[in-house]
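Note that the UniProt record's numbering has the sequence shown beginning at 1, numbered continuously upward.
Just so you know, even glycine gets a beta-carbon here, dropped at the ideal spot from N, CA and C.
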Amino acid sequence: MPKISGFELVRLIYGVDKNTRIILMSDSDLEREEFEKSEIASKVDAFMKKPRGIMKLISHIEALLKHKRRELAALVASAGASLMALSFEVVTAAMH
């Protein structure tokens, strides 16, 4: 990247929103080695060598979306159970 390194960009993104999913791409084997040794490695979901092919990128994105769907489904199920319990408490209280 012309003005900022990929590592710096990851730090900036992670500093703004720790929940942002990140796929880092580089054409440098040296950069990959540096990345794997760095503290930001845990903040990146995938590291791909450019050009790796669009299908590999798509599969990483699909995996991230699948994970996010599972998180959202669990959240919705939890919220639904909480709402049902609250509704039951309200109805029970109204009956007494």
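- For Ile23, the enclosing beta strand (DSSP E) covers residues 23–26.
- In the structure shown, Lys49 adopts extended strand secondary structure according to DSSP, grouped into three states.
- Here Ser38 is not near Gly6, since their CB atoms are 8 Å or more apart.
- With a threshold of 16 other beta carbon atoms within 10 Å, Val16 falls short and is exposed.
- Excluding the 5 residues flanking it on each side, Leu24 has same chain C-beta neighbours closer than 6 Å at Gly6, Val44, Phe47, in chain order.
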